[in-house]
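Some notes on the structure that comes next.
Protein chains: 2
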Amino acid sequence: MTKKSTQLAYIQAYEYIRDQILNGELERGTKLVEERLAEEMGISRTPVRDSIRKLEQEGLIKDKRVVNPSDSDLRDIFQVRTLLEGFAVRHCAMYMSEGDLDKLQECVKVGRSGTMEQVMTANKEFHEIIIGATNNPVMIDIFERMQSIIYLFRKTVVYHKRPLLIDEHQDIYDAIAAHDADKAEQLMKAHLQLDLEFCLQRMKG
Amino acid sequence: MTKKSTQLAYIQAYEYIRDQILNGELERGTKLVEERLAEEMGISRTPVRDSIRKLEQEGLIKDKRVVNPSDSDLRDIFQVRTLLEGFAVRHCAMYMSEGDLDKLQECVKVGRSGTMEQVMTANKEFHEIIIGATNNPVMIDIFERMQSIIYLFRKTVVYHKRPLLIDEHQDIYDAIAAHDADKAEQLMKAHLQLDLEFCLQRMKG
DNA sequence: TTAAAATATTTTGTATACAAAAACAGAAAT
DNA sequence: ATTTCTGTTTTTGTATACAAAATATTTTAA
């Protein structure tokens, strides 16, 4: 068992608020009031402020409100994301270890057969493994930041599940396994484009 | 005259510390002590802490010390930078406005004829214009963050000036002006590769 | 009734105090 | 001399108080 809980209040606060944002308990656009949150968690304002500042830097909070990305924000994020993942998947096709390949395949498998929660995690992991394989912490960090903003739409994406998503993952995996970098990149780009359109579509509702 | 000075202490502190880091008054690896800085600026610890946290997020401070990037950190940053600027320059070759093209050319011109300070600014601006032309705030933000870390080596780069740099800028400009996206991208990648190697070289000294 | 001004309330920014933790220094033991 | 322990000092994390700024509300005038 990993015991990751820190006793530090500002880390608790950070995790607490972040979770609330990501699972939708704090809706997009909600104003965050330091004192209210502090009281709610039984700590003082100071660590709450720290955590809000941090989340602001990460892009989950903007002007003391839960961020509410516009169409164009989402497009911008996906443009960068496509760039990074395009590079990463190409890297995978050329250098990926057997171990990571197996992990990728497992993600696809679980993506087909698991419970809703498992499917979600596996699909997320699929992309994380690909980015992670670059072994470039700067890249991974940028990716995770964008990921968490995209993740704001998690519920939407879950409830209105995109049907072909898992087939696209399968195809990407196949291209990687076949060491076909060009194809892998092209498939990834198409995949992300569809993801973006799906997000945009759902955002309107 | 733009009057951008904010009265807010934590912004002052942020700018103050950031400047000190970027112009080398605070050397890489220096421990930052909140109270010392607070006293130095005649304010309390609270806004100083805020600004340190912010700079930590931006990557200029790590574990309360001015960041001291390793070889591999620099490589990682340049890998991402190459990706972004490769995309951006390609975009420029296809869509750049006449106005921006002129500005780019001006940068090259000043890069040849200006004072040392002017040359430095112009060369920096050259890249900023290219990234800025994407009109993608997410991308611009990531770029600026990396830029400021690279900028830590400003002095080094100035004193040991890289001779061919400005010719490379000229070539990139020409490719953009000729709408040759492939060539522009390829030249940019080569340019950044040389820049990286120069940085790495100088880092040892 | 609506618009504007004035007032009250909330919320944030900053200073300060204190306790916990970390870093440091010196003494004792190997 | 090197390491380990002890105590001291520094530095950070957190709580709290208060003032400035921003918001909301009420009152007044048209």
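Top to bottom, those sequences are chains L and U.
The first sequence begins at 0 in numbering that gives the first Met the number 0 and counts up one residue at a time.
The second sequence begins at 0 in numbering that gives the first Met the number 0 and counts up one residue at a time.
The beta-carbon is built from N, C-alpha and C at its ideal position, and this holds for glycine as well.
Counted within 10 angstroms of its Cβ, other Cβ atoms place residue i as buried (16 or more) or exposed
{"i": "asparagine 122 of chain L", "result": "buried"}
{"i": "lysine 2 of chain U", "result": "With a pLDDT of only 35 at lysine 2 of chain U, under the threshold of 50, the placement of this residue in the model should not be trusted, and no figure is reported."}
{"i": "arginine 35 of chain L", "result": "exposed"}
{"i": "glycine 28 of chain L", "result": "exposed"}
{"i": "alanine 12 of chain L", "result": "buried"}
{"i": "serine 184 of chain L", "result": "It is worth fixing the name first, because residue 184 of chain L is glutamate in this sequence and not serine. Buried, because 16 or more other Cβ atoms sit within 10 Å of the Cβ of glutamate 184 of chain L."}
{"i": "glutamine 82 of chain U", "result": "For the sequence presented, residue 82 of chain U should be read as leucine rather than glutamine. Label assigned to leucine 82 of chain U: buried."}
{"i": "arginine 48 of chain L", "result": "buried"}
{"i": "asparagine 135 of chain U", "result": "buried"}
{"i": "leucine 195 of chain L", "result": "buried"}
{"i": "methionine 187 of chain L", "result": "buried"}
{"i": "glycine 41 of chain U", "result": "exposed"}
{"i": "phenylalanine 125 of chain U", "result": "buried"}
{"i": "leucine 31 of chain U", "result": "buried"}
{"i": "aspartate 75 of chain L", "result": "buried"}
Neighbour list for residue i in chain U, Cβ cutoff strictly below 8 Å
{"i": "valine 79 of chain L", "result": "Leu83, Asn135, Val137, Met138 and Ile141"}
{"i": "aspartate 75 of chain L", "result": "Asn135, Pro136, Val137 and Met138"}
Reduced DSSP secondary structure (H/G/I, E/B, other) of residue i
{"i": "isoleucine 148 of chain L", "result": "helix"}
{"i": "valine 137 of chain U", "result": "helix"}
{"i": "lysine 160 of chain U", "result": "coil"}
{"i": "valine 65 of chain L", "result": "strand"}
{"i": "isoleucine 60 of chain U", "result": "strand"}
Cross-chain neighbours of residue i in chain U, by beta carbon under 9 Å
{"i": "phenylalanine 152 of chain L", "result": "Near phenylalanine 152 of chain L there are no residues of chain U at all, since even the closest Cβ is about 16 Å away, more than 9 Å."}
Own chain, CB closer than 7 Å to residue i, minus 5 neighbours either side, in chain order
{"i": "isoleucine 129 of chain L", "result": "Glu84, Ala87, Val88 and Cys91"}
{"i": "threonine 133 of chain L", "result": "Ala87 and His90"}
{"i": "histidine 190 of chain U", "result": "Glu167 and Ile171"}
{"i": "glycine 58 of chain U", "result": "Val66, Arg144 and Ile148"}
{"i": "methionine 93 of chain U", "result": "His178 and Ala180"}
{"i": "leucine 199 of chain L", "result": "Asp70 and Leu73"}
{"i": "leucine 25 of chain L", "result": "Gln19 and Val65"}
{"i": "tyrosine 150 of chain L", "result": "Leu21"}
{"i": "glycine 113 of chain U", "result": "Ala121"}
{"i": "arginine 161 of chain U", "result": "Phe197"}
{"i": "alanine 176 of chain U", "result": "Leu100"}
Chain L residues whose Cβ lies nearer than 9 Å to that of residue i
{"i": "glutamine 6 of chain U", "result": "Near glutamine 6 of chain U there are no residues of chain L at all, since even the closest Cβ is about 19 Å away, more than 9 Å."}
{"i": "aspartate 49 of chain U", "result": "Arg48, Asp49 and Arg52"}
Chain-ordered chain L contacts of residue i [CB-CB under 7 Å]
{"i": "aspartate 70 of chain U", "result": "Under the 7 Å cutoff, chain L gives no residues; its nearest Cβ is about 13 Å from aspartate 70 of chain U."}
Where residue i meets chain L, residues with beta-carbon distance less than 8 Å
{"i": "aspartate 62 of chain U", "result": "None at all; the shortest Cβ gap to chain L is about 15 Å."}
{"i": "lysine 53 of chain U", "result": "Arg52 and Gln56"}
Listed by chain order, chain U residues near residue i by CB distance under 7 Å
{"i": "phenylalanine 86 of chain L", "result": "Leu82"}
Sequence-distant residues of the same chain with beta carbon closer than 8 Å to residue i, five excluded per side
{"i": "leucine 7 of chain U", "result": "Pro46"}
{"i": "methionine 0 of chain L", "result": "In this predicted model, methionine 0 of chain L has a pLDDT of only 33, less than 50, meaning its place in the structure is not dependable; the value taken from the coordinates is given anyway. Once the five neighbours on either side are set aside, methionine 0 of chain L has no close Cβ partner at all."}
{"i": "phenylalanine 152 of chain L", "result": "Cys198, Arg201 and Met202"}
{"i": "isoleucine 139 of chain U", "result": "Ile130, Gly131 and Thr133"}
{"i": "valine 79 of chain U", "result": "Ile141 and Met145"}
{"i": "arginine 44 of chain L", "result": "Glu33, Glu34 and Ala37"}
Residues near residue i in its chain [Cβ-Cβ closer than 6 Å; skip 5 each side]
{"i": "leucine 103 of chain U", "result": "Ile128 and Tyr172"}
{"i": "valine 118 of chain L", "result": "Gly110"}
{"i": "lysine 182 of chain U", "result": "Ala174"}
{"i": "cysteine 106 of chain L", "result": "Ala121, Glu124 and Phe125"}
Heavy atom of the ligand NAP within 7 Å of residue i beta-carbon
{"i": "glutamine 19 of chain U", "result": "Among the ligands in the structure shown, none appear at all, so the ligand NAP cannot be discussed."}
Check whether the segment 51-60 of chain U and the segment 91-101 of chain U touch, using three or more Cβ-Cβ pairs below 8 Å as the test. no
Stretch-stretch touch, CB-based, cutoff 8 Å, three pairs: the segment 124-140 of chain L with the segment 62-79 of chain L: Result no; under three Cβ-Cβ pairs closer than 8 Å.
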